[in-house]
Each structure stands twice: as structure tokens, then as C-alpha cells.
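The sequence shown begins at 47 in the working numbering and counts up one residue at a time.
We put the CB at the ideal spot given by N, CA and C, even for glycine.
Note that the structure is a prediction, hence the values are computed from the model and not measured.
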Amino acid sequence: MGDAIRYPNMGTVKKAAEIYGLSPVYIRRLCKEGKIRYVNAGHMWLVNLDSLARYFEQGDPGPAELGSTIHGIRRAVR
47 MGDAIRYPNM GTVKKAAEIY GLSPVYIRRL CKEGKIRYVN AGHMWLVNLD
97 SLARYFEQGD PGPAELGSTI HGIRRAVR
């Protein structure tokens with residue numbers, strides 16, 4: 047069963063801020079700048095917590111590739 051679907055570890059901006067001891071404003075700014083992945087679900091922003099962890103582990107790599115992403119989610123290119 048190597049074809050199992052792996053869902054991202056998502057959390058609210060508030061939860062992400064609490065985990066890292068940061069302000070929600072800073073987390074939202076990282077999202078807006080394309081530095082971490084997120085989804086805007088109506089009025090709620092859901093942050094990809096794995097992406098946020100990689101951001102802090104690797105440092106600031108610059109803006110994410112925006113050509114193939116929508117709100118931080120990579121779309122399939124066919």
C-alpha cells in the first residue's frame with residue numbers, strides 16, 4: 047500500500063502562533079509573502095504546519111514559487 051494519500055498537517059494561524067511563540071500577525075505575513083503554505087478557507091486561514099516548520103529549520107529561502115501555487119497550495123500542472 048505505497049500509494050497511501052498523505053494529507054498535510056494543517057492548523058489555524060492562532061495555533062501556529064502558539065506553537066512557535068509568535069504573533070498571528072507575523073504568521074499571516076509569512077503566508078502573504080509566500081514563505082509558507084496556507085489555505086484561505088472562508089474567513090479562516092489554515093497554515094501548513096510542516097511548511098512552517100521547514101521555514102524555521104532552513105531559514106528564509108525567499109518567496110515561494112508563485113507560478114504554480116494558489117494561496118500556498120501547489121496545483122497540478124497538466
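{"Asked": "Please state whether the Cβ-Cβ distance between Tyr101 and Lys78 is less than 7 Å.", "Found": "no"}
{"Asked": "The beta strand (DSSP E) that contains Leu98, what's its start and end?", "Found": "From DSSP, Leu98 is part of no beta strand (DSSP E) but of the alpha helix (DSSP H) over Leu95 to Gln104."}
{"Asked": "According to DSSP, what are the bridge partners of Leu68?", "Found": "Answer is none; Leu68 lacks a bridge partner."}
{"Asked": "In terms of DSSP beta bridges, what is Tyr84 paired with?", "Found": "Val93"}
{"Asked": "Would you grab the beta carbon distance between Asn69 and Ala63 for me? Rounded to a whole angstrom, and I think it's under 8 Å.", "Found": "The question names Asn, yet the displayed sequence has Ser at residue 69. Right, their Cβ atoms sit about 6 Å apart."}
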